[in-house]
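> In UniProt numbering, the protein residues as written are 1 to 397.
Note that the Cβ used here is the ideal one computed from N, Cα and C, for glycine as well.
This is the structure, below, for whatever I ask next.
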């Protein structure tokens with residue numbers, strides 16, 4: 001196979017979304033908008049072109065009839081999931097504290113969803129009724145059908161991650177302008193990082209908001225293994241506060257800025273390397289278009305950096321952490337350096353487990369199996385392996 005299987009999201013859709021993000025940022029800067037309208041501008045300018053592009057590629061969806069009681073039960077349990085998860089994220093603090101900014105809007109959205117479920121249940125997604133049916137089955141001590149369980153778990157995923165992505169995207173947009181006013185020697189670095197992460201979290205937000213069959217972005221399945229869920233959840237609040245911020249602390253007294261402060265040229269190239277890795281990480285998110293989501297299968301992505309390897313986001317992110325925190329030079333004492341490096345290796349191992357569990361989940365899709373076979377021959381690591389083998393054979397001959 002000369003080319004990988006077709007990606008679930010077209011390159012055109014991703015390009016439109018990325019272009020919209022650029023236009024949104026430029027308009028916000030040109031108009032001198034404050035943080036809130038700038039953030040909304042970024043989300044809308046990125047999302048709308050992708051929604052239109054994907055909607056035009058799909059056949060019209062005939063909505064099925066829904067049961068009012070099931071839909072109302074689903075709306076109630078979904079609301080409880082959102083409010084319960086947000087309470088935990090706010091309670092344990094850490095990187096989840098920003099969720100408090102969206103507690104009122106999400107609470108109002110939950111009330112509105114319950115009202116719509118009671119008055120016009122057919123206006124809501126089928127997944128709401130599926131969550132309700134799953135709840136009813138569980139209350140009767142029955143195992144829910146797979147479709148209903150997928151609906152319930154899909155909403156649990158959204159409750160866990162959507163508030164975080166909303167909060168983080170807003171924080172990154174807010175910090176972009178302040179970053180430019182920071183240390184004049186490195187403001188280019190901090191401002192670019194803020195913009196990149198603003199785009200990353202904006203696309204993630206759009207992904208969690210776009211789980212609809214109308215654009216083919218519905219959740220086809222969710223990971224149903226404890227290991228898959230634990231490996232993902234320890235990377236986010238509230239569990240990350242107990243694991244990453246307590247047991248696996250890899251950041252020492254210095255970061256790369258202090259470490260490289262003696263050489264402006266070295267700082268430039270080191271910072272540029274971090275930005276390059278971060279750009280690859282963000283590109284991997286953009287490649288999902290409106291389908292980004294943890295712990296779910298919403299179509300196989302084979303374009304963008306996924307033509308290089310199977311987990312470009314995890315690889316780029318983890319490498320960037322080594323370059324940002326430089327734990328191998330931190331502290332001065334060998335024992336402290338070893339502790340910091342071991343902690344970061346532990347975090348790398350968590351992401352390795354995440355990659356394995358995601359592959360196991362997606363392997364039920366023949367498209368992913370074909371993609372994995374293609375990347376094992378055509379991916380960048382496969383090509384490096386072949387090149388190294390040829391050089392070794394040449395050296396021995």
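Does the contact criterion of 3 or more C-beta pairs under 8 Å hold for the stretch 297-307 versus the stretch 215-231?
Remark: three or more beta-carbon pairs, one from each stretch, lie closer than 8 Å, so the stretch 297-307 and the stretch 215-231 are flagged as touching.
> Since residue 293 and residue 208 are thought to touch, with beta carbons under 8 Å apart, how far apart are those beta carbons, to the nearest angstrom?
6 Å
> From residue 14 to residue 122, what distance separates their C-alpha atoms?
30 Å
> Compute the Euclidean distance between the alpha carbons of residue 234 and residue 396, then round it to the nearest angstrom.
47 Å
> Between the beta-carbon of residue 447 and the beta-carbon of residue 212, is there less than 8 Å?
Outside the displayed span of the chain (1 to 397) sits residue 447, for which this structure offers no information.
> Are the CB atoms of residue 21 and residue 40 within a distance shorter than 8 Å?
Cβ atoms of residue 40 and residue 21: not closer than 8 Å.
> Under a Cβ-count criterion, where at least 16 other Cβ atoms within 10 Å of its own Cβ denotes burial, should residue 280 be classed as buried or exposed?
buried
> Would you call residue 358 buried or exposed, if buried means 16 or more other Cβ atoms sit within 10 Å of its Cβ?
With 16 or more other Cβ atoms within 10 Å, it is buried.
> On the DSSP bridge list, what partners appear for residue 297?
221
> Could you check whether residue 83 and residue 107 sit closer than 8 Å to each other, using their CB atoms as the reference points?
yes
> Using the Cα positions of residue 17 and residue 35, report the straight-line distance between them to the nearest angstrom.
20 Å
> Mapping the DSSP letters down to three states, classify residue 211 as helix, strand or coil.
coil
> Report the rounded CA-to-CA distance for residue 380 versus residue 308, giving the unit in angstroms.
5 Å
> Where does residue 33 fall in DSSP's three states?
coil
> Could you tell me whether the stretch 175-184 touches the stretch 245-256, using the rule of 3 or more Cβ pairs below 8 Å?
Contact between the stretch 175-184 and the stretch 245-256 is absent: fewer than 3 CB-CB pairs across the two stretches fall below 8 Å.
> In angstroms, rounded to a whole number, what distance separates the CA positions of residue 205 and residue 28?
19 Å
> Just the Cα atoms here: how many angstroms apart are residue 361 and residue 354?
11 Å
> Could you pull the start and end residues of the alpha helix (DSSP H) that residue 287 belongs to?
Taken as a continuous stretch (DSSP letters only), residue 287 belongs to no alpha helix (DSSP H), as it is neither H nor E.
> As an exercise, report each continuous alpha helix (DSSP H) stretch of at least 4 residues that is fully enclosed by the stretch 290-372, in chain order.
Qualifying alpha helix (DSSP H) stretches, in chain order: 312-325 and 334-362.
> For residue 6, which of helix, strand or coil comes out of DSSP?
The answer is coil: DSSP assigns residue 6 none of H, G, I, E or B.
> For the putative contact between residue 10 and residue 53, defined by C-beta atoms under 8 Å, what is the C-beta separation to the nearest angstrom?
Residue 10 to residue 53, Cβ: 7 Å. Contact.
> Counting C-beta neighbours from all protein chains within 10 Å, is the total for residue 393 16 or more, i.e. buried, or is it exposed?
exposed
> Would you call the stretch 239-251 and the stretch 337-344 in contact, with 3 or more CB pairs under 8 Å?
yes
> Excluding the 5 residues flanking residue 73 on each side, which residues of the same chain have their C-beta closer than 7 Å to its C-beta?
132, 135 and 136
> From residue 226 to residue 352, what distance separates their C-alpha atoms?
16 Å
> May I ask which residues mark the beginning and end of the alpha helix (DSSP H) holding residue 147?
146-180
> Where residue 98 and residue 349 are concerned, what is the direct C-alpha to C-alpha distance, given to the nearest angstrom?
27 Å
> Quick one: what's got a C-beta closer than 7 Å to residue 116's C-beta in the same chain, skipping five residues either side?
123 and 124.
> Could you say which of 229, 70 and 149 lies nearest to residue 118 if we only look at CA atoms?
70
> The ligand NAD and residue 151: does any heavy atom of the ligand fall closer than 7 Å to the residue's C-beta?
Looking for the ligand NAD in the displayed structure turns up nothing, as the structure carries no ligands at all.
> Tell me which same chain residues have a C-beta within less than 6 Å of the C-beta of residue 152, skipping the five on either side of it?
131 and 134
> For residue 236, which of helix, strand or coil comes out of DSSP?
coil
> Going by other Cβ atoms of all chains shown within 10 Å of its Cβ, with 16 needed for buried, is residue 286 buried or exposed?
buried
> According to the neighbour-count rule (16 or more other Cβ atoms, all chains shown, within 10 Å of its Cβ), is residue 320 buried or exposed?
buried
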